[in-house]
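Q: In this note's numbering, the protein residues as written are 20 to 224.
1) If you measure between the beta carbons of residue 131 and residue 60, is that distance less than 7 Å?
2) Terminal residues of the continuous alpha helix (DSSP H) containing residue 69?
3) What number of angstroms, rounded off, separates the C-alpha of residue 124 from the C-alpha of residue 82?
4) Beta-carbon separation of residue 155 and residue 139 under 7 Å?
5) Report yes if the C-beta distance between residue 33 and residue 207 is below 7 Å; otherwise report no.
6) How big is the Cα-Cα spacing for residue 67 and residue 151?
7) Verify whether the separation of the beta carbon atoms of residue 144 and residue 126 is less than 7 Å.
8) Under a Cβ-count criterion, where at least 16 other Cβ atoms within 10 Å of its own Cβ denotes burial, should residue 133 be classed as buried or exposed?
Below, the structure written as structure tokens:
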């Protein structure tokens, strides 16, 4: 089971690393599959898990306060029928996640760094993003807005997909999957652009 999980993680993050390398280094696929960079993928996964644990810490006290309030307004039977949760169930977590999102933006350069085999490190990422207050605030707000917008948009257009699936998947499940997929692609692209601007361009100066 552990072997299957490791293989799954590798297959998921292989194209992620390749996308980073394409945007940062311009590394083009040589065939149907992107270039295989085993060490880069493994380092990327380890850095991602470590970063995820680190930036989740500020969320714990915030969600402990607003979590019970949101859960009390949920209707499990309506969700089981494919209904969307209340809008505040999407908005409040996004607002509460802003501190963690800002911390993640400051430290996220370790991920494209791992993908292109340029070890930036947490302190290096923090240093590269220093004195970028307004720019980072804009990135945080845009990222939060895109995340919310994707959830709302796909919540509107997926009822027909629910009918086509004959109830196997709920609208909420499909919305979450598609929204997270596109949101992840957006975030990966933003991190790659930040790495180019804050790290690569500074190295050229």
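Ideal placement from N, C-alpha and C gives every residue a C-beta, glycine not left out.
A: This is what the structure holds:
1) Looking up residue 131 in the chain shown gives position 112. Looking up residue 60 in the chain shown gives position 41. No, they are not a contact pair.
2) As a working mapping, residue 69 is identified with position 50 in the chain shown. That run of the alpha helix (DSSP H) goes 57-75.
3) The count along the chain shown starts at 1 and reaches residue 124 at position 105. The count along the chain shown starts at 1 and reaches residue 82 at position 63. Cα to Cα, the separation comes out at about 20 Å.
4) Here residue 155 refers to the residue found at position 136 of the chain shown. Here residue 139 refers to the residue found at position 120 of the chain shown. Not in contact: residue 155 and residue 139 (Cβ atoms no closer than 7 Å).
5) The residue you call residue 33 lines up with position 14 of the chain shown. The residue you call residue 207 lines up with position 188 of the chain shown. No; because the gap between Cβ atoms is not below 7 Å, this pair is not in contact.
6) Walking along the chain shown from the start, residue 67 turns up at place 48. Walking along the chain shown from the start, residue 151 turns up at place 132. Going from the Cα of residue 67 to the Cα of residue 151 covers about 23 Å.
7) Locating residue 144 in the chain shown gives position 125, counting from the first residue. Locating residue 126 in the chain shown gives position 107, counting from the first residue. Against a cut-off of 7 Å, the Cβ pair of residue 126 and residue 144 comes out as a contact.
8) Numbered from its first residue, the chain shown carries residue 133 at position 114. Buried is the call here.
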